[in-house]
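These notes are about the structure you will find just below.
Protein chains in written order, with the numbering used here: chain A, 702 to 817; chain B, 10 to 122.
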């Protein structure tokens, strides 16, 4: 079965510093990978996605992620963090089901705190 | 284009009651999925509906059910509520094709007392 691991539960960075959030996945085929962000009490907002092709994908709000098949990783990066980036970040793998359709399997999330 | 909407946003129920949550997908989207989010279990897939049919189901008891209407709007029902059902219930819509991105609504916060 597919799974997603986000090894860092909490991360604190200073505003203006660079950020990398780790994500490792387990999936039998080429995965569909996503990063979502969730602000307190809100739903999930899509940051970026990887389906195929270029392994470095650009997303919204200055985020990017790199797919590394050899390491089964899909780490999220941002060169300079803003205070408004404080939120919880979820990595997810999309499972294409035999009956059609999609199911997302999420990691446990990484809570990002930004120090001013 | 309007996003995914969920009603109500907050709900308080007591054990043993039942509850119905509603989700309106993005216009043109035919697939609606439901997820439960709790601090202990994280985000878990409940089920997916496509063209009024339940296409996929997660590992939840039969107390959790849903349906989808011809306009793609979906409802989720939980019967005989338990304290452990307290959670944020998120609805996501997509075109329904393989690998399509799912767009999430703001969620319904259910508290069971």
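Where is the CB? At the ideal position from N, CA and C, for every residue including glycine.
All values derive from a computational prediction rather than experimental measurement.
Listed by chain order, chain A residues near residue 26 of chain B by CB distance under 7 Å
For residue 26 of chain B, no chain A residue has a C-beta closer than 7 Å to its own C-beta; the minimum C-beta separation is roughly 23 Å.
Against chain B, which members of the segment 733-755 of chain A pass a CB distance test of less than 8 Å?
733, 735, 737, 742, 743, 744, 745, 746, 747, 750 and 752
For residue 64 of chain B, count neighbouring C-beta atoms within 10 Å of its own C-beta (all shown protein chains included) and say buried if the count is 16 or more, exposed if not.
The residue in question, residue 64 of chain B, is buried, as its Cβ has 16 or more Cβ neighbours within 10 Å.
Which bits of chain B does residue 725 of chain A rub up against, with CB to CB less than 7 Å?
In chain order: nothing, as chain B lies at least about 16 Å away.
Can you tell me which of the three DSSP states residue 51 of chain B falls into?
Here residue 51 of chain B carries a strand assignment [DSSP, helix/strand/coil].
Have a look at residue 69 of chain B and residue 55 of chain B and give me their C-alpha separation to the nearest angstrom.
7 Å
Which residues share a DSSP beta bridge with residue 27 of chain B?
Beta-bridge pairing links residue 27 of chain B to no other residue.
Touch check for the segment 720-729 of chain A and the segment 744-757 of chain A: three-plus C-beta pairs under 8 Å?
Fewer than three pairs of CB atoms, one per stretch, sit closer than 8 Å, so the segment 720-729 of chain A makes no contact with the segment 744-757 of chain A.
Indicate whether at least one CB of chain A lies closer than 9 Å to the CB of residue 17 of chain B.
No, its Cβ sits nowhere closer than 9 Å to a Cβ of chain A.
Would the segment 84-103 of chain B count as touching the segment 10-25 of chain B if we require 3 or more Cβ pairs under 8 Å?
Note that the segment 84-103 of chain B touches the segment 10-25 of chain B; at least 3 beta-carbon pairs, one per stretch, sit closer than 8 Å.
Please confirm whether residue 706 of chain A has its beta-carbon closer than 9 Å to some beta-carbon of chain B.
no
Quick check on residue 99 of chain B - is its C-beta less than 9 Å from some C-beta in chain A?
yes
In the segment 100-111 of chain B, which residues sit with their C-beta less than 9 Å from some C-beta in chain A, listed in chain order?
Correct list: 100, 101, 103, 105, 106, 107, 108, 109, 110 and 111.
Could you name the residues that DSSP lists as bridge partners for residue 113 of chain B?
B:101
Return the CA-CA distance between residue 91 of chain B and residue 797 of chain A, expressed in angstroms with no decimal places.
31 Å
Can you pull the chain A neighbours of residue 34 of chain B, defined as C-beta to C-beta under 7 Å?
Those within 7 Å of residue 34 of chain B in chain A number zero; the least Cβ separation is about 13 Å.
Can you give the Cα-Cα distance for residue 767 of chain A and residue 790 of chain A, rounded to whole angstroms?
16 Å
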